[in-house]
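Numbering (our numbering), first residue to last: 7 to 230.
All C-beta atoms, glycine included, are put in the ideal place defined by N, C-alpha and C.
Note that this is a predicted model, so its numbers are computed, not measured.
Worksheet: one structure, shown below.
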Amino acid sequence: MSDQQQPATLGELLRTLEKSDNLRQLARECGLTPGDLKKRLKQWRRDLETDAAPSSAPVRRAAAEETLSEEAASLLPAAGLGESPLPARGEQVLEIWTDGASRGNPGPASIGIVFGQHGGEKLCCHAEKIGRATNNAAEYQAVLRALLFVRDWGVRRVLLNLDSELVARQLSGQYRVKSQDLLPFYRQVISLMRSLDKVTIRHVRRDHNKLADRLANLALDNKI
7 MSDQQQPATL GELLRTLEKS DNLRQLAREC GLTPGDLKKR LKQWRRDLET DAAPSSAPVR
67 RAAAEETLSE EAASLLPAAG LGESPLPARG EQVLEIWTDG ASRGNPGPAS IGIVFGQHGG
127 EKLCCHAEKI GRATNNAAEY QAVLRALLFV RDWGVRRVLL NLDSELVARQ LSGQYRVKSQ
187 DLLPFYRQVI SLMRSLDKVT IRHVRRDHNK LADRLANLAL DNKI
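Below is the structure:
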């Protein structure tokens, strides 16, 4: 070994043992055949290299978040619009995605909202901090803020996409509202819904609500 470069890592040591002239003796001492020992050494080395390799998941997650941030930046701010963002042509149904975020539950909270033409493109968005709130209160406030925009724009038909099953089922009448903290928000939302011609409520998975979720988190991080 003195005439060769000494292995500096466990992986290099395993590779050296694989090629060792003493492999037969090592195998006998381990109660294995030389072939079996060589296979095990190779597999252990590969397992070690796999464990040491950096995970690509954080990289993919960061790239996805960056893409969502760029998409959000490309949309008009809803707060700056004095009239309906719906184009004159196409289906006159405003599709809305809402999300509420709370860090601490209760804790610092925010909302994210995306507006689009049903069956068409996304049109504008909104995000803001709402102070301290629970997750459920933030979800309700996101819906409430979205419907206030709808009222101001004079839109008559909406499709609400919510990733909160609780809020979606309460607003559709499937669940009762037992929390006294949520009841005021519920009543305001129901009042606004009743003033419209048609409201469809749809519960969606979180992965179908990524942009609204990203907006809420950008607001919490003061990045929007």
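How big is the Cα-Cα spacing for Ala144 and Asp169?
12 angstroms
Below 8 angstroms on the Cβ atoms is my contact criterion, and I expect Ala14 with Ala133 to pass it. Report the Cβ-Cβ distance as a whole number of Å.
So it is not a contact: roughly 50 angstroms between Cβ atoms.
Measuring alpha carbon to alpha carbon, tell me which residue in Asn228, Ala225, Leu217 is nearest Glu76.
Leu217
Are the beta-carbon atoms of Ala79 and Ile117 separated by less than 7 angstroms?
no
Quick one: what does DSSP say Thr15 is sitting in, helix, strand or coil?
coil
Tell me which residue opens and which closes the alpha helix (DSSP H) that Glu134 is part of.
Where Glu134 is concerned, there is no enclosing alpha helix (DSSP H), although the beta strand (DSSP E) it sits in stretches over 128–139.
beta-carbon Gln186 near the ligand ZN non-hydrogen atom, thresh 6 angstroms:
The ligand ZN is absent from the structure shown, which contains no ligands of any kind.
Just the Cα atoms here: how many angstroms apart are Leu38 and Glu72?
Their backbone Cα atoms lie some 52 angstroms apart in a straight line.
If you reduce the DSSP assignment to three classes, tell me which class Ser75 lands in.
helix
Any 3 or more C-beta pairs closer than 8 angstroms across the segment 81–101 and the segment 36–56
Fewer than three beta-carbon pairs drawn from the segment 81–101 and the segment 36–56 are found closer than 8 angstroms, and the two stretches are therefore not classed as touching.
Are there 16 or more other CB atoms within 10 angstroms of the CB of Cys36, so buried, or fewer, so exposed?
With fewer than 16 other Cβ atoms within 10 Å, it is exposed.
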